[in-house]
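For reference, the structure is listed below as structure tokens.
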Amino acid sequence: MRHLFAEAKAVLEANFNGQFTKPAPGLYPHQWNWDAGFIALGLAHLNWDRAVAEMRHLFAGQWSNGFLPHIVFGDDPAAHYFPGPAFWQTNQAKAAPPSPSTSGISQPPIHGQVIWRLFQLAPSREQGMALLEEFYSKLLRLHQYYYQFRDPDEEGLILIRHPWEAGTDNSPYWDHTLAQIAIDSAELPSYERKDLQNPQAAQHRPTQYDYDRYVYLVDLFRRHQYDDVQLNAVCPFQIQDPLFNGVLCWSNEALIEMGHVLGEDVLEIILWNELTVHSMNEKLWNQEKGYYHAFDRVAHAPIPIPVNSGLLPLVGLVPTQEQAEAMLRHLEGPTFGGAPKDVYLCPTYSPQAKDIDYARYWRGPVWINTNWLLYQGLLRYDMKDMAERVRRDSLELLDQFGFYEYFDPRKGAAQAGYGTAQFSWSAALCLDWLAEDEEE
Ligand code: 2M8
Numbered sequence: 000m001r002h003l004f005a006e007a008k009a010v011l012e013a014n015f016n017g018q019f020t021k022p023a024p025g026l027y028p029h030q031w032n033w034d035a036g037f038i039a040l041g042l043a044h045l046n047w048d049r050a051v052a053e054m055r056h057l058f059a060g061q062w063s064n065g066f067l068p069h070i071v072f073g074d075d076p077a078a079h080y081f082p083g084p085a086f087w088q089t090n091q092a093k094a095a096p097p098s099p100s101t102s103g104i105s106q107p108p109i110h111g112q113v114i115w116r117l118f119q120l121a122p123s124r125e126q127g128m129a130l131l132e133e134f135y136s137k138l139l140r141l142h143q144y145y146y147q148f149r150d151p152d153e154e155g156l157i158l159i160r161h162p163w164e165a166g167t168d169n170s171p172y173w174d175h176t177l178a179q180i181a182i183d184s185a186e187l188p189s190y191e192r193k194d195l196q197n198p199q200a201a202q203h204r205p206t207q208y209d210y211d212r213y214v215y216l217v218d219l220f221r222r223h224q225y226d227d228v229q230l231n232a233v234c235p236f237q238i239q240d241p242l243f244n245g246v247l248c249w250s251n252e253a254l255i256e257m258g259h260v261l262g263e264d265v266l267e268i269i270l271w272n273e274l275t276v277h278s279m280n281e282k283l284w285n286q287e288k289g290y291y292h293a294f295d296r297v298a299h300a301p302i303p304i305p306v307n308s309g310l311l312p313l314v315g316l317v318p319t320q321e322q323a324e325a326m327l328r329h330l331e332g333p334t335f336g337g338a339p340k341d342v343y344l345c346p347t348y349s350p351q352a353k354d355i356d357y358a359r360y361w362r363g364p365v366w367i368n369t370n371w372l373l374y375q376g377l378l379r380y381d382m383k384d385m386a387e388r389v390r391r392d393s394l395e396l397l398d399q400f401g402f403y404e405y406f407d408p409r410k411g412a413a414q415a416g417y418g419t420a421q422f423s424w425s426a427a428l429c430l431d432w433l434a435e436d437e438e439e
């Protein structure tokens with residue numbers, strides 16, 4: 000696997016613009032929130048200072064209320080991306096910084112775990128302590144933002160307001176909720192997609208129907224100047240996502256660890272986390288299905304469909320051993336294709352679902368970041384064989400097809416790497432997996 004290590008390193012070098020690492024050349028020319036976290040995890044094995052700089056650049060975009068935007072825009076005039084700063088108009092939000100320009104929605108809060116791992120990999124104790132001192136309060140403010148503004152029913156369950164906040168943009172999870180949004184095309188701001196200029200990615204990107212709804216929501220946010228209290232009352236898209244909340248628990252745990260090292264009082268974080276774990280098991284656990292579901296706060300209804308996000312609360316130690324075993328059976332059996340062994344684990348949507356689309360973005364393909372999260376979660380429950388299978392399948396896809404954005408889960412598919420090539424988190428998380436072999 001030496002060649003894979005060198006190739007992954009080259010991808011991260013090529014996507015570095017001197018300030019941050021782009022998720023990919025062309026298609027994603029700015030800095031993204033959870034991408035930066037995954038990228039930093041990979042960089043930590045190559046260049047620890049650059050990993051820290053990556054996080055520092057991201058947190059330069061943090062708002063005064065603790066919110067961490069899903070895009071921090073770079074200043075390259077040649078970077079074409081929609082929606083850019085002129086569309087987001089976050090300068091109308093009271094809490095947004097004057098610079099850098101940012102978007103006005105967030106993404107799954109992986110950053111607590113990222114900083115905790117960077118602490119563990121720090122070249123010296125002094126550098127590790129300085130890192131915690133720099134980031135602890137920023138992370139705490141981020142989590143405070145979620146519990147204060149994204150949990151209006153005080154259940155400990157954070158809600159997302161836009162599919163882009165989930166990171167799993169066109170997941171089947173969001174279909175029903177988005178279908179309730181009636182679009183009046185005369186009212187919808189005009190816009191021009193830039194993503195379709197990438198010929199290879201264009202085939203499998205979200206549809207125009209999806210984009211109209213994405214744009215409708217952003218327009219709603221800017222009309223309300225990104226005011227959280229108003230948006231909790233009017234936004235038609237308010238969903239509690241098991242991936243988002245599971246990752247939040249994992250980062251809560253990291254914050255508690257960091258607080259102990261720094262001698263801080265962590266009681267507030269412990270209480271948040273206990274509430275989130277409790278409510279996830281009360282409200283998002285689906286006993287009949289044996290996995291977690293998302294919950295639509297507006298329709299007041301669960302979304303009990305087999306999306307791999309329903310397995311990811313494993314990473315935050317949310318399920319009991321018994322619940323985790325129910326989820327393992329879905330990985331071993333036909334729900335996610337563990338048997339028969341004709342797919343690579345783990346498709347983002349069950350191959351048993353009639354509307355799985357093996358090539359379309361978050362509606363079926365394998366993604367390396369959700370596989371990496373699943374792997375970490377399985378290890379927490381000592382499910383080593385399945386964890387190893389997820390890791391092996393991921394490395395095999397990367398080795399055979401390259402550092403694509405997402406992959407066809409069907410073994411033997413004529414074309415298997417989709418979206419953009421040279422995708423940073425595919426490379427970064429590959430490095431993290433390969434580094435484990437070195438450590439053994
Ligand atoms: C994708 O999302 C962006 C919008 O945020 C897009 O489609 O333009 C998603 O895969 C998201 O999870 C990811 O962070 C982003 C950049 O890689 O691309």
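Each residue of the sequence shown is one higher than the one before, counting from 0 in numbering that gives the first Met the number 0.
Built from N, CA and C at the ideal position, the CB exists for glycine as well.
Keep in mind the model is a prediction, meaning the values are calculated, not measured.
Secondary structure at residue i, three-state DSSP: helix, strand or coil?
| i | result |
| --- | --- |
| G315 | helix |
| A323 | helix |
| D295 | strand |
| W173 | helix |
| T101 | strand |
| L187 | coil |
| F66 | coil |
| A23 | strand |
| Y444 | This structure gives no information on residue 444, because the portion of the chain shown stretches from 0 to 439. |
| I114 | helix |
| A415 | coil |
| N197 | coil |
| N307 | helix |
| Q30 | strand |
| A426 | helix |
| N285 | strand |
| Y135 | helix |
Can you have a look at residue i and say buried or exposed, based on whether 16 or more other CB atoms are within 10 angstroms of its CB?
| i | result |
| --- | --- |
| A165 | buried |
| A427 | buried |
| D152 | exposed |
| Y208 | exposed |
| K353 | exposed |
| D240 | buried |
| A39 | buried |
| S98 | exposed |
| P441 | In the structure as shown, the chain begins at 0 and stops at 439. Residue 441 is therefore absent and cannot be evaluated. |
| V10 | buried |
Stretch pair the stretch 50-66 + the stretch 91-105: three plus CB contacts closer than 8 Å = yes
Could you tell me whether the stretch 390-398 touches the stretch 160-180, where touching means 3 or more Cβ pairs closer than 8 Å?
-> no
Taking one C-beta from the stretch 411-421 and one from the stretch 194-209 each time, how about it: are there three or more such pairs within less than 8 Å?
-> yes
Any chance the stretch 365-375 sits against the stretch 298-306, with 3 or more Cβ pairs inside 8 Å?
-> no
Specify whether the stretch 70-88 and the stretch 42-53 touch according to this definition: at least 3 beta carbon pairs, one from each stretch, less than 8 Å apart.
-> Contact fails between the stretch 70-88 and the stretch 42-53, because fewer than three Cβ pairs, one in each stretch, are under 8 Å apart.
Is the stretch 239-256 close to the stretch 133-151, with three or more CB pairs under 8 Å?
-> yes
Counting Cβ pairs, one atom from each stretch, are 3 or more of them under 8 Å apart for the stretch 112-121 and the stretch 31-43?
-> yes
Sequence ranges, alpha helix (DSSP H) only - wholly within the stretch 34-97, length at least 4 | 47-58 and 84-87
Any chance the stretch 308-328 sits against the stretch 266-281, with 3 or more Cβ pairs inside 8 Å?
-> yes
Report yes or no: do three or more beta-carbon pairs, one from the stretch 325-337 and one from the stretch 127-136, lie closer than 8 Å?
-> These segments do not touch.
Looking at C-beta atoms only, is the number of pairs between the stretch 268-277 and the stretch 341-354 that lie closer than 8 Å three or more?
-> no
Could you name each continuous alpha helix (DSSP H) segment of 4 residues or more that falls completely within the stretch 212-276, going from the start of the chain to the end?
-> 227-233 and 241-261
Between the stretch 66-77 and the stretch 19-35, do at least 3 Cβ pairs fall closer than 8 Å?
-> yes
Can you list the alpha helix (DSSP H) stretches of 4 or more residues lying completely in the stretch 360-386, in chain order?
-> 367-379
State whether the stretch 397-404 contacts the stretch 374-385, with contact taken as three or more CB pairs (one from each stretch) at a distance under 8 Å.
-> no
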